[in-house]
Each structure stands twice: as structure tokens, then as C-alpha cells.
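Asks: Counted the way this note's numbering counts, the sequence shown spans residues 8 to 220.
Even glycine gets a Cβ: it sits at the ideal position worked out from N, Cα and C.
My questions will all concern the structure given below.
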Amino acid sequence: SMPQRPVPQVPASHSHGKRGVPGIEAIIAVASGKGGVGKSTTAVNLALGLAANGLKVGVLDADIYGPSMPRLLNIHGRPQTVDGKILKPMQNYGLKVMSMGFLVDEETPMIWRGPMVMSALTQMLREVEWGPLDVLVVDMPPGTGDAQLTMAQQVPLAGAVIVSTPQDLALIDARKGLNMFRKVNVPLLGIVENMSYFLAPDTGKRYDIFGHG
């Protein structure tokens with residue numbers, strides 16, 4: 008009789024109808040309840056830190072309305088296509104990067120409704136020549152709306168990092184983000200308290216500008 012083939016073990020995160028991206032080992036979301044807390048900067052530093060440890064890393068700028076990656080990673084120009092369909096990611100500092108900011112001008116407002124945003128995100132995730140990558144860091148749009156929920160539900164996220172400042176208002180929204188990922192069974196890798204305090208350069212005195220978290 009034919010020898011039995013071993014049944015491949017499907018990672019838990021690939022269940023519930025979530026389709027992985029071929030060639031990408033793990034996808035990590037960096038999220039925040041509010042804008043302006045340093046989420047994109049944290050995403051870039053996380054990606055560079057992972058790359059410095061010898062991993063192959065990509066960054067997907069999922070913040071369609073306010074893409075920051077072209078400026079943060081000092082990348083200009085338009086991505087090339089492989090066959091008129093698949094896009095080649097841009098590269099700098101050893102990272103592969105894709106952002107809406109490469110496809111539209113900086114001053115052009117994205118006057119899009121939810122479904123168009125989701126379709127753009129799906130394309131940037133699945134129609135870009137990412138692989139092989141150990142980690143894809145996704146810089147999520149701020150908040151806990153449509154795009155965030157769909158990303159969390161459709162993509163097999165290995166985990167999420169939430170960025171907040173110690174302000175009461177930011178922390179309230181950070182909790183919402185935490186609960187959203189919990190609801191869709193995405194493990195929380197950590198919460199980053201950014202802009203924690205300011206050290207005065209002349210006196211070295213510490214100021215908790217936004218209060219204590």
C-alpha cells in the first residue's frame with residue numbers, strides 16, 4: 008500500500024479562514040488607539056531592530072490616509088511592477104517597504120470609503136513580491152475601526168504591539184485596541200508607553216509632560 012504522508016500541521020493563527028501570505032513567516036501589527044502617539048516611529052524601530060538581529064524584514068504601511076513610511080525611511084520614487092500586476096517593494100536600510108505614499112503624491116488627500124481602503128490593503132499585502140521574509144511589520148492606521156478589524160480578522164497576525172502615551176485620553180483608546188485584538192484572538196506582544204517624559208537638556212530634570220501612565 009502507499010506510504011502515508013504526514014499531515015501538515017496548520018499553525019493556529021491560520022485557522023478561522025485567515026489566509027497566510029506565501030513566503031512570510033510572521034506578520035506583526037503595530038497599532039494605536041489614537042494618532043500622533045508615535046506608532047509609525049515605533050513600527051520602523053521595531054523593524055530595524057529585528058533586521059539588526061539578522062532577520063529578513065518587511066514593513067507594510069497600512070495607514071492609507073496618512074502614510075508615514077516614505078518619509079520615515081527616506082524612500083522616494085514609484086515601485087516597479089514585475090509583470091504589470093505584482094509590485095516590487097521599495098528598499099532602504101535593509102528593509103522591504105510598501106506604502107500608499109509611493110503610489111500617490113504627498114499632498115493628495117485619500118478620499119476613500121472603507122471598501123476601497125480594504126481593497127488597497129489586500130493588494131499591498133497579497134500583490135507585492137514580499138518573500139521570503141521572517142517578519143512583516145504592519146503599521147496599522149490609528150484607531151479601532153473598519154480597516155483595523157478587517158486586517159485583524161483576515162490576516163493571520165502572529166501578534167500585535169500597541170503604542171500609547173501616558174495621557175488619559177490615549178490610554179482609554181489603547182484599551183479599546185487591546186480589547187479588539189483580544190476579541191479576534193490576536194496575541195498581544197506588548198504595550199509601548201511612548202513620550203513617557205522629557206529630560207530638560209540644561210538641568211537634566213525630568214518632566215512628566217503627559218502625566219503618569
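Go ahead and label P139 buried or exposed: buried means 16 or more other beta carbons lie within 10 angstroms of its beta carbon, across all protein chains shown.
Replies: Here residue 139 corresponds to residue number 132 of the sequence shown, with the count starting at 1. With fewer than 16 other Cβ atoms within 10 Å, it is exposed.
Asks: Under a Cβ-count criterion, where at least 16 other Cβ atoms within 10 Å of its own Cβ denotes burial, should P148 be classed as buried or exposed?
Replies: Counting from one through the sequence shown, the residue named residue 148 turns up at place 141. Buried.
Asks: Using the rule of at least 16 other Cβ atoms within 10 Å of the residue's Cβ for burial, across every protein chain shown, is L53 buried or exposed?
Replies: On the sequence shown, position 46 is the one that residue 53 refers to. Result: buried.
Asks: What did DSSP end up calling L80 once you bin it into helix, strand or coil?
Replies: On the sequence shown, position 73 is the one that residue 80 refers to. In the structure shown, L80 sits in coil (DSSP, three-state: anything other than H, G, I, E or B).
Asks: Can you have a look at V29 and say buried or exposed, based on whether 16 or more other CB atoms are within 10 angstroms of its CB?
Replies: Taking the first residue of the sequence shown as position 1, residue 29 is located at position 22. It is Pro, not Val, that sits at residue 29 in the sequence shown. Under this definition P29 is an exposed residue.
Asks: For I118, which of helix, strand or coil comes out of DSSP?
Replies: If you number the sequence shown from 1, residue 118 lands on position 111. Coil.
Asks: Smallest Cα separation from V104: which of D215, S47, L156 and I118?
Replies: Along the sequence shown, read from residue 1 onward, the residue named residue 104 stands at position 97. Nearest C-alpha to V104: S47.
Asks: For G138, which three-state DSSP category applies?
Replies: Position 131 of the sequence shown, counted from the first residue, corresponds to residue 138. Reduced to three states, the DSSP call for G138 is coil.
Asks: Give me the Cα-Cα distance between K41 and I118, rounded to the nearest whole angstrom.
Replies: Counting from one through the sequence shown, the residue named residue 41 turns up at place 34. Counting from one through the sequence shown, the residue named residue 118 turns up at place 111. About 20 Å.
Asks: Roughly how many angstroms lie between the CA atoms of L94 and A38, to the nearest whole one?
Replies: On the sequence shown, residue 94 is found 87 positions in, with the first residue counted as 1. On the sequence shown, residue 38 is found 31 positions in, with the first residue counted as 1. Each residue's Cα considered, the two are about 25 Å apart.
Asks: Tell me, please, whether the region 163-172 touches the region 191-210 by the rule of three or more beta-carbon pairs shorter than 8 Å.
Replies: Enough Cβ pairs lie closer than 8 Å, so yes.
Asks: Buried or exposed: which applies to K247, given that a residue is buried once 16 or more other Cβ atoms fall within 10 Å of its Cβ?
Replies: Because the chain is modelled from 8 through 220, residue 247 falls outside the range shown and cannot be assessed.
Asks: For the beta strand (DSSP E) holding K103, just list the boundary residues, first then last.
Replies: Residue mapping note: residue 103 aligns to position 96 of the sequence shown, counting from 1. K103 -> beta strand (DSSP E) spans L102 to S106.
Asks: Could you tell me the alpha carbon to alpha carbon distance between A207 and R213, rounded to whole angstroms?
Replies: On the sequence shown, position 200 is the one that residue 207 refers to. On the sequence shown, position 206 is the one that residue 213 refers to. So the alpha carbons of these two residues sit roughly 6 Å apart.
Asks: From the DSSP output, read off the bridge partner residues of Q130.
Replies: Start at 1 with the first residue of the sequence shown, and residue 130 comes out as number 123. BP columns for Q130 are empty, so no partner.
Asks: If you scan the region 190-215 from start to end, which runs of the beta strand (DSSP E) of 3 or more residues do you find wholly inside it?
Replies: As far as the region 190-215 is concerned, its whole beta strand (DSSP E) runs of at least 3 residues are 195-200.
Asks: Are the Cβ atoms of P173 and F205 separated by less than 8 Å?
Replies: Reading the sequence shown from its first residue, position 166 is the one you call residue 173. Reading the sequence shown from its first residue, position 198 is the one you call residue 205. No, they are not a contact pair.
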